[in-house]
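These protein sequence lines map, in sequence, to chains A and B.
Residues in the first sequence are numbered from 13 upward in steps of one, following this note's numbering.
Residues in the second sequence are numbered from 13 upward in steps of one, following this note's numbering.
By construction, the Cβ of each residue, glycine as well, lies at the ideal position given by its N, Cα and C atoms.
Everything numeric in this text was worked out from a predicted model, so none of it was measured.
The next block holds one structure in the form of structure tokens; read it before the comments.
Protein chains: 2
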Amino acid sequence: MIYENILEQLSSQKCKLTLQRRELLKILIRARTPLAAREIYDRMLKKYPNMSFDTVYRNLSLLQEMQIVNRLEFQEGRSRYELNLSQDHHHHLVCLKCGGTWKLRACPLEGLNIVNTVPEDFKITTHRFEVFGYCRQCRD
Amino acid sequence: MIYENILEQLSSQKCKLTLQRRELLKILIRARTPLAAREIYDRMLKKYPNMSFDTVYRNLSLLQEMQIVNRLEFQEGRSRYELNLSQDHHHHLVCLKCGGTWKLRACPLEGLNIVNTVPEDFKITTHRFEVFGYCRQCRD
DNA sequence: CTTCTAAATCAGAATCTTTCTGATTTTATT
DNA sequence: AATAAAATCAGAAAGATTCTGATTTAGAAG
């Protein structure tokens, strides 16, 4: 369902439904946590052993522009990617030891307090919020 | 004053007050916006033309561990650094076109709303919050 | 002031992520 | 089945950051 909707959205924008693109989407849909480009590439290699790494990056950029994918940065020196499902706006709780992530539904922009401190002449487009620390397993 | 306090703090931790380290601190104190490692290096070269880039990174890591410096990521593919002055906790407003930044004094963790949504068994150590968009000059 | 040692620096290579280039292949339409 | 635009592949390139091994230096001790 999600998968078909996204394919539909891609088609309507004249994007070709290549095998690699389909596989990337399936991987993102299956993923339980945000994945690094490298992790996505490794999984795709199993099905398409001759794949170019570039294909992963090109498609992730495309999907990000189409707002189908979110690019996240958790101070790990590389980005991670997750599906951007409407009606599921969230932020992340990130464990600094194991790298585990959990969704945080509360959003700083929802209360008006913060938005009120932004100058009126600044046009907000996006925002990021992450909480770092140690999960139950990793804290001492 | 700020400068002397930091030198004092470094000394007390048995860190040597090398010329390069002093210069780096002066640059950060003078800076009006967070600087990329490359920008810091370029400024240091004027005074120490034989400097190694590595020295910049090594010292920034050290200062970050000592909580004298904040490392920021504004989705530009590289980090930026700023002094971490106590009593000046803030986040950033970042212009996606010109790269300009402004301080945002409101903090998502101040209201209890968000903290309440974090599981009790997660030990929070740090957090990040950035608002992206277009500044007065850059919006159409 | 001189000696000494750990810490810091330099120079350059290495690593890693991400982007680019040019040739080839594929999707989807005609 | 032919076609053109889009996408892919393979490998190089760019850029940030980290590492290595030899050399230098800050600060302490004599």
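Neighbours of C147(B) across chain A, judged by C-beta separation under 7 Å: F134. Here C107(A) is buried: its Cβ has 16 or more other Cβ atoms, across all protein chains shown, within 10 Å.
Distance from I39(A) to M56(A) at the Cβ level is roughly 7 Å; contact confirmed, criterion being Cβ atoms closer than 8 Å. Per DSSP, L36(A) lies in no beta strand (DSSP E) segment; the continuous alpha helix (DSSP H) that holds it begins and ends at 31-42. Looking only at I41(A), R34(A), L84(A), the smallest Cα-Cα distance to G111(A) is reached by L84(A). By the neighbour-count criterion, in which a residue is buried when 16 or more other Cβ atoms sit within 10 angstroms of its Cβ, I52(B) is buried.
Segment contact: the stretch 134-149 of chain A against the stretch 89-109 of chain A, three or more CB-CB distances shorter than 8 Å; contact assigned.
H103(B) has L116(B) as its beta-bridge partners, per DSSP. Taking C-alpha positions only, R117(A) is separated from E122(B) by approximately 17 Å. Annotation: G89(A) to A48(A) spans about 10 Å, alpha carbon to alpha carbon. L84(A) is bridged by DSSP to R92(A).
Your pair V127(B) and H139(A) does not check out as a contact, with CB atoms roughly 18 Å apart and the cut at 8 Å.
When the beta-carbon positions are compared, V68(A) and L36(A) come within less than 9 Å of each other.
Excluding its 5 nearest sequence neighbours in each direction, P46(A) has C-beta neighbours in its own chain below 7 Å: L84, R92, Y93, E94, T113, listed in chain order.
In terms of beta-carbon proximity, G111(A) stays away from the interface with chain B, with every pair separated by 9 Å or more. With fewer than 16 neighbouring CB atoms inside 10 Å of its own CB, P131(B) falls in the exposed class. In chain order, V130, I136, H139 make up the part of chain A whose C-beta sits under 7 Å from the C-beta of V143(B). With its beta carbon less than 9 Å from one in chain A, P120(B) belongs to the interface.
Within the DSSP bridge table, the entry for A48(A) names R92(A) as partners. Here L74(A) has C27 as same chain residues with Cβ atoms under 8 Å from its own Cβ, once five neighbours each way along the sequence are excluded. L29(A) counts as exposed, since fewer than 16 other C-beta atoms from the protein chains shown sit within 10 angstroms of its C-beta.
Taking C-beta separations shorter than 6 Å and ignoring five residues to either side along the sequence, the partners of F86(B) in its chain run V106, following chain order.
Counting only Cβ-Cβ distances below 7 Å, Q79(B) has no contacts in chain A at all, with the closest Cβ about 14 Å away.
Using beta-carbon distances, R151(B) counts as an interface residue toward chain A, with a partner under 9 Å.
CA-to-CA, the gap between S64(A) and R33(A) works out to about 12 Å. The Cβ neighbour count for I41(A), taken over all protein chains shown within 10 Å, is under 16; the residue is labelled exposed.
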